[in-house]
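Novice:
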Amino acid sequence: MTQSTPAPHHEALHAPGRFRSLLVPVDLSAASDRVVGRTALLPLADDARITLLHVVPEGLKSLSRERAENDARKALQAEVAALARTLPRTVTIQHAVRGGAPAVEIVQHAAAVAADLIVVGRGGGRGLRDLFLGSTAERVLRQARLPVLVVRLRPHAPYRHPALALALDDAARDVVTSLLRVIPPPRPTVSVIHAYDAPYVERAYPSLSLEEAEACLEEYRRKALHELAQILAAALAEANVPPDDAPAWKTRVKYGSPRALIAKAVKKAENDLLVLGTQGRSGVAHAFLGTVAGDVLRAVACDVLVVPPCQTT
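Counting from 1, one number per residue, gives the positions in the sequence shown under the working numbering.
See the structure below:
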């Protein structure tokens, strides 16, 4: 195990370079191999630092806690050794064992190591609303102020079939930038999914004809397509991504429920990654839990990168 001093601050969000500091919570379950395996496939800076963290939950008596912590250290040391064999020597891998409330410790440790991404596992698999609901991963998503990659799939290669679910809010560029960091050049085609609402269509106005309702829908669709194109172009420009390194966008814009449309589109395209935001700074989008982002994350079978609004001070 090697050690290093935490960086004084994160890499700026709008510079989609390779990751410099990852925090990887490891629960020592069979699913931990998927989390560590995905971490090894992410685009890392030459001097990147990976921190494997295990949190021993509260409630154990002192002697039992000590034994549990020793077991965790031995297990993490083995994980560090295995991960080191797959990464360049310039990448620093360290581990830590903490005790307490797992989500709290994870978020605090992410700040301590100046992480620019948290990589967590997603438990369950028993239906659409699986054991993720109420899990440590969900609590981390509620508290973290940085992107969180929730791993579900067994990793075999870098992401090749990503999808981007965008709302037309002021956090959309941050979501696009986070996607660009996870899929470095040469970038694959990205599915862009947007569900729009036309507030007058489903209201009972007897004088509103079918043709007028359809025209209203088409107008909202054209407007959404135009705004999405502006968001994507602005994000690429802010991130200084040259045209040759930009992904091809395959845009899907439909009227209806974001929950249903996103889940259906991801399943049909067999996407291996979905990137979406939680809440725009203006409050236009919904908060995470119990709403669009939370419901979609519980519904889809692929990995999900959840991006909170960029924090300003």
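By construction, the Cβ of each residue, glycine as well, lies at the ideal position given by its N, Cα and C atoms.
1) If you drop the 5 nearest sequence neighbours on each side, which residues of the same chain put their C-beta closer than 7 angstroms to that of A263?
2) Is it buried or exposed, P308, if we count other Cβ atoms within 10 angstroms and call 16 or more buried?
3) Since L22 and V148 should fall inside the 8 angstroms C-beta cutoff, what is the C-beta to C-beta distance between them, to a whole number of angstroms?
4) Kindly identify the DSSP beta-bridge partner or partners of Q143.
5) Starting from K268, trace the alpha helix (DSSP H) in both directions and tell me its first and last residue.
6) Name the one or two DSSP bridge partners that D303 has.
7) Between the beta-carbon of D272 and the beta-carbon of H161, is there less than 7 angstroms?
8) Please name the residue in R181, P155, A45, P186 whose C-alpha comes closest to that of V275.
9) How many whole angstroms separate the CB atoms of V107 and T51, which I take to be in contact at a CB cut-off of 8 angstroms?
10) Relative to the C-alpha of L76, which candidate in H109, R122, A111, D27 has its C-alpha closest?
11) Let me confirm a value: D244 is counted as buried when at least 16 other C-beta atoms fall within 10 Å, else exposed. Which label applies?
12) Give the C-beta separation of P88 and D46 to the nearest angstrom, bearing in mind that I take them to be a contact with Cβ-Cβ under 8 angstroms.
13) Going by DSSP in three states, G294 sits in which element: helix, strand or coil?
14) May I ask which residues mark the beginning and end of the alpha helix (DSSP H) holding I231?
15) Please identify the residue among A40, R122, R222 whose C-alpha is closest to the C-alpha of A30.
16) If we ignore side chains and look at the alpha-carbon of each, how far apart do G315 and R221 end up?
17) Hey, quick one: how far does the beta strand (DSSP E) through P162 stretch, first residue to last?
18) On the criterion of 16 or more Cβ atoms from any shown chain inside 10 Å, does T136 qualify as buried, or is it exposed?
19) From this set, G100, Y196, R34, which residue's C-alpha is nearest A82's C-alpha?
20) Which first and last residues belong to the beta strand (DSSP E) in which H95 is found?
21) Identify the continuous beta strand (DSSP E) that holds H156 and give its terminal residues.
22) Around the C-beta of S282, are 16 or more other C-beta atoms found within 10 angstroms, so that it is buried, or is it exposed?
23) If A163 sits next to A269, beta carbons under 8 angstroms apart, how far is it from one beta carbon to the other, in whole angstroms?
24) Could you name the residues of the same chain whose beta carbon sits closer than 6 angstroms to that of G277, not counting the 5 residues immediately before and after it, in chain order?
25) Can you give the beta carbon distance from L146 to A96, rounded, assuming they're within the 8 angstroms contact cut?
26) Do you know offhand how far R18's Cα is from L208's?
27) Output the distance between the C-alpha atoms of K61 and A234, rounded to the nearest integer angstrom.
Specialist: Quick answer:
1) To locate residue 263, count along the sequence shown from 1; it is residue 263. Correct list, in chain order: V296, A299, V300.
2) Here residue 308 corresponds to residue number 308 of the sequence shown, with the count starting at 1. Classification of P308: buried, given that the 10 Å Cβ count is 16 or more.
3) Position 22 of the sequence shown holds residue 22. Position 148 of the sequence shown holds residue 148. The distance from the Cβ of L22 to that of V148 is about 11 angstroms, inconsistent with a contact at the 8 angstroms cut-off.
4) As a first step, residue 143 is located in the sequence shown; it is residue number 143 there, counting from the start. Paired residues: none, contrary to the question.
5) Against the sequence shown, residue 268 aligns to sequence position 268. 258 to 269 is the span of the alpha helix (DSSP H), which, as asked, contains K268.
6) Locating residue 303 in the sequence shown gives position 303, where the first residue counts as 1. DSSP, once it has assigned bridges, lists L273 as partnering D303.
7) In the sequence shown, counting from the first residue as 1, residue 272 sits at position 272. In the sequence shown, counting from the first residue as 1, residue 161 sits at position 161. In contact: D272 and H161 (Cβ atoms closer than 7 angstroms).
8) Within the sequence shown, residue 275 is the residue found at index 275, counting from 1. Considering only alpha carbons, the answer is R181.
9) As a working note, residue 107 is residue 107 in the sequence shown. As a working note, residue 51 is residue 51 in the sequence shown. Not a contact, Cβ separation roughly 13 angstroms.
10) Along the sequence shown, one-based indexing puts residue 76 at 76. The shortest C-alpha separation from L76 is found at D27.
11) On the sequence shown, residue 244 is found 244 positions in, with the first residue counted as 1. Its Cβ having fewer than 16 others within 10 Å, D244 is exposed.
12) The residue given as residue 88 occupies position 88 in the sequence shown. The residue given as residue 46 occupies position 46 in the sequence shown. P88 to D46, Cβ: 7 angstroms. Contact.
13) Reading the sequence shown from its first residue, position 294 is the one you call residue 294. Three-state DSSP puts G294 in a helix.
14) If you number the sequence shown from 1, residue 231 lands on position 231. Unbroken alpha helix (DSSP H) run through I231: 210 to 238.
15) Residue 30 sits at position 30 when you count from the first residue of the sequence shown. Among A40, R122, R222, the Cα nearest to that of A30 is on R122.
16) What is shown of the chain runs 1 to 313, which leaves residue 315 out entirely.
17) As a position in the sequence shown, residue 162 is number 162, starting the count at 1. Element bounds for P162: 162 to 165.
18) Within the sequence shown, numbered from 1, the residue matching residue 136 stands at position 136. It is buried - the Cβ of T136 has at least 16 other Cβ atoms within 10 Å.
19) Start at 1 with the first residue of the sequence shown, and residue 82 comes out as number 82. Comparing alpha carbon positions, the residue from G100, Y196, R34 closest to A82 is R34.
20) Numbered from 1 along the sequence shown, position 95 holds the residue referred to as residue 95. Looking at the DSSP string, the run of the beta strand (DSSP E) that includes H95 is 92 to 99.
21) What you label residue 156 is simply residue 156 of the sequence shown in a count that begins at 1. Premise fails: H156 is in no beta strand (DSSP E) and is neither H nor E.
22) For the purposes of this step, residue 282 is taken as the residue at position 282 of the sequence shown. Only weak support is given to the placement of S282: the predicted model assigns it a pLDDT of 40, under 50, and the value that follows is read from those uncertain coordinates. Result: exposed.
23) If you number the sequence shown from 1, residue 163 lands on position 163. If you number the sequence shown from 1, residue 269 lands on position 269. Their Cβ separation, rounded to whole angstroms, is 7 angstroms, which keeps A163 and A269 in contact under 8 angstroms.
24) Numbered from 1 along the sequence shown, position 277 holds the residue referred to as residue 277. Excluding positions up to five away in sequence, the list reads A171, V175, V307.
25) The count along the sequence shown starts at 1 and reaches residue 146 at position 146. The count along the sequence shown starts at 1 and reaches residue 96 at position 96. That pair is no contact at about 18 angstroms.
26) Within the sequence shown, numbered from 1, the residue matching residue 18 stands at position 18. Within the sequence shown, numbered from 1, the residue matching residue 208 stands at position 208. Distance between the alpha carbons of R18 and L208 is about 53 angstroms.
27) For this step, residue 61 is matched to residue 61 along the sequence shown. For this step, residue 234 is matched to residue 234 along the sequence shown. Straight-line Cα distance between these residues: approximately 54 angstroms.
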